[in-house]
Each structure stands twice: as structure tokens, then as C-alpha cells.
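To start, the structure under review is shown below, and the notes come after it.
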DNA sequence: GTCTTTATTGACCATGTAGTCCATAACCTA
DNA sequence: TAGGTTATGGACTACATGGTCAATAAAGAC
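Protein chains in written order, with the working numbering: chain F, 115 to 309; chain H, 115 to 309.
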């Protein structure tokens, strides 16, 4: 049998994520990744292929994590669906505002840098946003069944609008908009939902 | 007297913008800029300093252009303020959808890549968004005076929300959301404005 | 203990990078 | 026409970059 790996793959991917997140794809050297993870370059290339494949692993892992987190936030019974939605919108604004170093969302950063010329990044980011929108739509349908949101509204269109607001909040937070502004946006969005 | 420049500065900045827009800051080499602009590297460095200074010129120029375009879109008499707002929201969605190569917004891309570690980029992008929000607020105040938008609503908060939706539309478009989705978001946002 | 297989390390390579330098060119003034 | 000044082009430098390679190490199978 073969020699076993000395590193934990998830741990390496976490370090690599931190690095790509901070300095982007083009701005991150494999030497920097090697330093951040503590691996030699041979191990790095042996385990993950090349720079692009490693980035895709990291990027897709991040997408999975977001989807899981949002699913956890929005999953539950109909009678609390509206409350979950409000809480989620508020928590995105609060988390964005709490990110005082403005590192932002890695999905947004990776998409901005690469989606135009990398079909895999583009597909991953679209897929992720579609799933997020579907989670929102499912929750909204629950709130409609319970009578907390206007039952005549199209839940998919409402979900798309909420998703747009949430991505907008992230974009504005990245640019440095104040905590008060971001939280006011969240409140306005909630207030305008059709009851 | 000295030898005059053989290039048009605005033209060079336009070419450099195209290049930085496509491949980002870190992903763009000065050789690529030289090739794109047709300038020798000596002229490039002589005229613009170094890579970062050139990027800032390009970035700030783009910000100015956006502000001017939005100001043109939203400026006018009160009795058409609401219509201008709707048209603007629809045109952002339509333009984003029409960008089939998903090059997106250079302000968003530059901010995503650099604002965390470059104070000048951060300041430029925040300033730009604040001005855009103010243009929206001014228009909304006009629509309120004319009775097309609920006069009890806070125009600044409404403007911030609309700005968030617009930045969200750009983010979703970049990720590949369909024309239909983007236009539906624009319509939903308009429909939910308090009358 | 030997063998097969895979992991590790870091030197190494070819190429790309930001930025400099200098010989030369172009222009205006005197 | 000579001189002062700035622009041009591209060779050049020092270093960073993505990626490879070969020697060595570690583990279980037999």
C-alpha cells in the first residue's frame, strides 16, 4: 500500500479559500497557497491538479456551504415561514454590516472576476443563485399558505426580487455602505412585501 | 518647447478600461495594456505613472461616466419623475440582460477585486454609489411632490432600496440570470413601490 | 524484510512581470 | 539653425510565476 497523506484535505481547502478570497484568482500565486496551507508545491499539485482546478474545488465548496447555511435558515414549518424570511433578510444585512474589513462574499468576488471567461465558475455561480432563489420561493410559499404574505403574489418573482435585494446588500456592503443604511434597506424590503 | 504626445489620452484610457474590465487588475499585465493601447511602455509609464495609478484613472473615469449617465436618465421635471424612475429601473435590467457576454459592471468588478485593500478604490466606489443613491432620492422626491409615490415614505430609504435592487440585478446578470428573470425583478420592484 | 505504491520536499525551468533606461525623434523658441 | 524639452520605442533587469521532477520517505501486503 501507499504512503498516506499527512494533511487534512478540508483544512487545506479552508486555507486556500482564505487566500483566494483575499487576493482573488489572478492575484494569488501558488507559492502563496503553498505558504498558507503549509504544503509543498509537489503535494499541492499532486493532490489538486493545477491552480484552476484547486480554485474550482474551493469555489464550489464555498457555494455548497452557502446553500447549506441558507437552507438551514429558511427550512421549517409554514407558521414560522414569514418570520424566517424576515430574520434571514435582516441577518444578511447584519452580517454584511459586521464585515468591517469588507472582505465581502467569495461567491460574488469569484463570479465578478472569472464568470465571464470560465464556464465552470459561471455555471457554479448561476446554479448556486438558482438554488438560493428556490429556497426563498419555498419559504415564501409557506408564508403564503399561512396567510402572512399575499397569496396572489407570484412566489418565484417575489423570491427573485428578494434575492436581488440580498445580492445588492452584499454589493453595497462591499463598497462600504454603513450598517444603518444596510439595515434600513433590509427593513424597507420587508415592509414592502405584499401582505 | 517639448515634443507633443502622439496619442489621445482619452482613447488610451478607453482601451485600458476595456483591458482592465476584461481581465481585472491583477490579471492584466502592463504589456497587455501596451498592446491594447498601442503605446510603448515608456510612454505608458511616462504618462500615467505606474500600473495602480493608471488603474485608478480608469476606474475613476468609469465612475464619472456612470454618474453622468444616471444623472441624465433621472434629471427632469416632477411630473415625469415617476416615469423616469421606472424607465431607469427597466433600462438597467434590459441593459444587463443585453450583456450576453456577461462582462458586467466595471465598478462592481473593480470594487470586488480591490476595495478591501485599496483605500482609493474603496473611496471611489462608495462615493459613486452615494451619488447614485442621491440621484434616485432626488427623483423620488420629485415623484412624491407630483403625487406618484407615497409622500409619507422616506425618499432616502426608498432610494437605498432601489439602489440595492439595481446592484442586485447587476450581480444576478453577471452570474447569468435570464433576461426574463431580470426584467421580472425590475417589474416587481416597480410594482411594490408605495403609491 | 522486501516490494509496490503514493506522498513529500524543494531545487529547478521556462516564461511572464512591473518597471527602468537610453538613444532617438519631434516640436517650439530664440 | 541651434538648443531646450519632452515623447517614443523597445531592449533590458531583477524578480515572480505556474508547473515539473527526481530523490527520498512512509505505509501495508506478502
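Note that beta-carbon positions come from the ideal geometry of N, C-alpha and C, so glycine has one too.
Any beta-carbon of chain F closer than 8 Å to the one on residue i?
{"i": "residue 223 of chain H", "result": "yes"}
{"i": "residue 164 of chain H", "result": "no"}
{"i": "residue 226 of chain H", "result": "yes"}
Whole angstroms is fine: what's the gap from residue i's alpha carbon to residue j's?
{"i": "residue 178 of chain H", "j": "residue 170 of chain H", "result": "12 Å"}
{"i": "residue 278 of chain F", "j": "residue 148 of chain F", "result": "37 Å"}
{"i": "residue 185 of chain F", "j": "residue 200 of chain F", "result": "14 Å"}
{"i": "residue 230 of chain F", "j": "residue 131 of chain F", "result": "21 Å"}
{"i": "residue 166 of chain H", "j": "residue 219 of chain F", "result": "24 Å"}
{"i": "residue 303 of chain H", "j": "residue 307 of chain F", "result": "10 Å"}
{"i": "residue 195 of chain H", "j": "residue 275 of chain H", "result": "17 Å"}
{"i": "residue 158 of chain H", "j": "residue 136 of chain F", "result": "29 Å"}
{"i": "residue 215 of chain F", "j": "residue 262 of chain F", "result": "37 Å"}
{"i": "residue 142 of chain H", "j": "residue 217 of chain H", "result": "15 Å"}
{"i": "residue 226 of chain H", "j": "residue 235 of chain H", "result": "10 Å"}
{"i": "residue 272 of chain H", "j": "residue 286 of chain F", "result": "15 Å"}
How is the alpha helix (DSSP H) around residue i delimited, first residue to last?
{"i": "residue 191 of chain H", "result": "Neither: residue 191 of chain H is in no alpha helix (DSSP H) and is coded neither H nor E."}
{"i": "residue 239 of chain H", "result": "233-259"}
{"i": "residue 288 of chain F", "result": "269-288"}
{"i": "residue 144 of chain H", "result": "144-151"}
{"i": "residue 304 of chain F", "result": "293-306"}
{"i": "residue 225 of chain H", "result": "220-228"}
{"i": "residue 130 of chain F", "result": "123-137"}
{"i": "residue 108 of chain H", "result": "Beyond the ends of chain H as shown, which are 115 and 309, falls residue 108 of chain H; an answer cannot be given."}
Could you tell me which chain H residues have their CB closer than 8 Å to the CB of residue i, listed as they occur along the chain?
{"i": "residue 145 of chain F", "result": "Ordered by position in chain H, no residue passes the 8 Å Cβ test against residue 145 of chain F, which lies about 15 Å from the chain."}
{"i": "residue 248 of chain F", "result": "The contacting residues do not exist; residue 248 of chain F stays about 12 Å from chain H at best."}
{"i": "residue 179 of chain F", "result": "Those do not exist, as residue 179 of chain F stays about 17 Å from chain H at its closest Cβ, beyond 8 Å."}
{"i": "residue 295 of chain F", "result": "274"}
So which residues of chain F does residue i contact, with C-beta pairs closer than 9 Å?
{"i": "residue 264 of chain H", "result": "Correct list: empty, because the minimum Cβ distance to chain F is about 11 Å."}
{"i": "residue 283 of chain H", "result": "278, 281, 282"}
{"i": "residue 243 of chain H", "result": "285, 286, 289, 290, 291"}
Can you name the residues of chain F whose CB is closer than 8 Å to the CB of residue i?
{"i": "residue 216 of chain H", "result": "229, 230, 236"}
{"i": "residue 308 of chain H", "result": "306"}
Comparing C-alpha positions only, which one of the options sits nearest to residue i?
{"i": "residue 112 of chain F", "options": "F/172, F/153, F/187, F/133", "result": "The structure shown does not extend to residue 112 of chain F, since chain F spans only 115 to 309, so no value can be given for it."}
{"i": "residue 127 of chain H", "options": "H/282, H/152, H/198", "result": "H/152"}
{"i": "residue 248 of chain F", "options": "F/209, F/260, F/181", "result": "F/181"}
{"i": "residue 224 of chain F", "options": "F/215, F/299, F/242", "result": "F/242"}
{"i": "residue 270 of chain F", "options": "F/283, F/209, F/256", "result": "F/256"}
{"i": "residue 162 of chain F", "options": "F/121, F/193, F/298, F/254", "result": "F/121"}
{"i": "residue 210 of chain F", "options": "F/115, F/263, F/305, F/294", "result": "F/294"}
{"i": "residue 208 of chain F", "options": "F/141, F/283, F/154", "result": "F/283"}
{"i": "residue 221 of chain F", "options": "F/118, F/281, F/145", "result": "F/281"}
{"i": "residue 140 of chain H", "options": "H/168, H/155, H/259, H/189", "result": "H/168"}
{"i": "residue 118 of chain H", "options": "H/160, H/133, H/138", "result": "H/160"}
{"i": "residue 175 of chain H", "options": "H/265, H/289, H/124, H/228", "result": "H/124"}
Starting from residue i, find everything on chain H with Cβ-Cβ shorter than 7 Å and list it in chain order.
{"i": "residue 239 of chain F", "result": "289"}
{"i": "residue 304 of chain F", "result": "Neighbours of residue 304 of chain F on chain H: none; closest Cβ ~10 Å, over 7 Å."}
Indicate whether at least one CB of chain H lies closer than 8 Å to the CB of residue i.
{"i": "residue 152 of chain F", "result": "no"}
{"i": "residue 205 of chain F", "result": "no"}
{"i": "residue 257 of chain F", "result": "no"}
{"i": "residue 253 of chain F", "result": "no"}
Cβ closer than 7 Å: which chain F residues qualify as neighbours of residue i?
{"i": "residue 271 of chain H", "result": "298, 302"}
{"i": "residue 141 of chain H", "result": "140"}
At a cut-off of 7 Å, is residue i close to the ligand NAP when judged by its beta-carbon and the heavy atoms of the ligand?
{"i": "residue 223 of chain F", "result": "The model on display carries no ligand, and the ligand NAP is accordingly not part of it."}
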